[in-house]
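Going by my numbering, the letters in the sequence shown line up with residues 6 to 96, in that order.
The C-beta atom is built at its ideal place from N, Cα and C for all residues, glycine as well.
Everything numeric in this text was worked out from a predicted model, so none of it was measured.
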Amino acid sequence: MKMHKEMNKFCPRCNAYTIHTVSLYKKGKDNPMRQGARRYTRKKKGYGSQPKPIQKKFSKNTKKIVPRIKCKQCSYMRHMPSKRLKKIEII
Ligand SMILES: [Zn+2]
């Protein structure tokens, strides 16, 4: 799918239609010190095989893509409804 770099969208802060810039939402970096990660590294330690199964088969062959829009006037950022796409291009 092709998406325009700039779009005219409704901004709830400005309460008007303004020009928005489009970018893609990306997942943040994993923190190795968070509780789940600490527990998992402790569980993997020592003798024995992998304690939890690693998922290899996926029923879906696409990923959900979340476009992120930012108001040019007040720089209010929000997400647009996500869609399952193979490829997205911002032009
Ligand atoms: Zn705005």
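In this structure the stretch 50-59 does not lie against the stretch 22-39, because fewer than three pairs of beta carbons, one per stretch, are closer than 8 Å. Cβ atoms of His25 and Ile74 come within 8 Å of each other, at about 4 Å. Close CB contacts of Lys49 within its chain, under the 8 Å cut and outside five residues either way in sequence, are with Gln55 and Pro56 (chain order). Taking a cut-off of 8 Å on C-beta distances, the stretch 56-66 does not touch the stretch 78-86, as fewer than three cross pairs fall below it.
Counting other Cβ atoms within 10 Å of its Cβ, Pro72 reaches 16 or more and is therefore classed as buried.
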